[in-house]
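For the numbering used here, count along the sequence shown from 1 and bump the result up by 850.
Where a beta carbon is used, it is the ideal one built from N, C-alpha and C, also for glycine.
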Amino acid sequence: MGRLILQMNVTLDGCCDHTQVIADEELHQYSVDMMDQSDGLLFGREIYQLMESAWPAIASSGAGPQFLVDFARKLDRKPKYVVSRTLDQVSWQNSFLLKGPVSEEVPQLMAEGKNLLVNGGPGLGSNLAQLGLVDEYHFLVQPIVAGRGPQLLGGIRDRLDLKLTGTIPFGSGVVLLRYTPAR
């Protein structure tokens, strides 16, 4: 059975917005390392479309700092599973559309032994957490107070108890908090 790791950036006030993060070389290397440990990436529609609008061009052109090019190329090669009820197709290399219920599609991938890394937004993250499908949570806490924006796991309806399993401080002031469900 595969494992699912939910990786999310979050500000000190709980905001999960891609415009409110530090995106330096050290954090990109962490993401590359996490991709190396996974068999595929799982995205919701919004995050997929956001990533697809930028990273393939960087991967193919090689334009930009080398750490971003390396990240883009790694991302380009990885299988990407996209959860969406509204998309009819996905065009990014190695992308696969999952149109069925998350409660069926994701366990099926995990039953095939796939280790999945979710670079999720709060909607998909909340859904996966509520369904009990997350094996490990990686919260990259940004030293930023955003003041507004979508909230970390804001869609959770029931209490979710977690156990801290590790921390990693980064030079930028970002701190990775790793949790597992306290089952």
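Length of the line joining the Cα atoms of Ala873 and Asn859 = 10 Å
Please determine, among Asn977, Ser976, Asp889 and Leu990, the residue with the shortest C-alpha to C-alpha distance to Lys928.
-> Asp889
Write down every uninterrupted run of the alpha helix (DSSP H) in the segment 898–948 whose length is 4 residues or greater and which is fully enclosed by it, in chain order.
-> 905–911 and 916–927
Identify which residue in Leu877, Met851 and Gly982 has its Cα closest to the Cα of Ile1018.
-> Leu877
Take Asp867 and list the residues in its own chain whose beta-carbon comes closer than 7 Å to its own, dropping the five residues that flank it on each side.
-> Ala996, Gly999 and Pro1000
Using DSSP with H/G/I as helix, E/B as strand and the rest coil, what is Leu966?
-> strand
Name the two residues that bound the continuous alpha helix (DSSP H) containing Val952.
-> Val952 to Ala961
Take the Cβ of Gly1013 as the centre, count every other Cβ of all protein chains shown within 10 Å, and call the residue buried at 16 or more, exposed below.
-> Here the sequence assigns Lys to residue 1013, which means Gly is not the residue at that position. Label assigned to Lys1013: exposed.
Burial state of Leu862 (16 or more Cβ within 10 Å) | exposed
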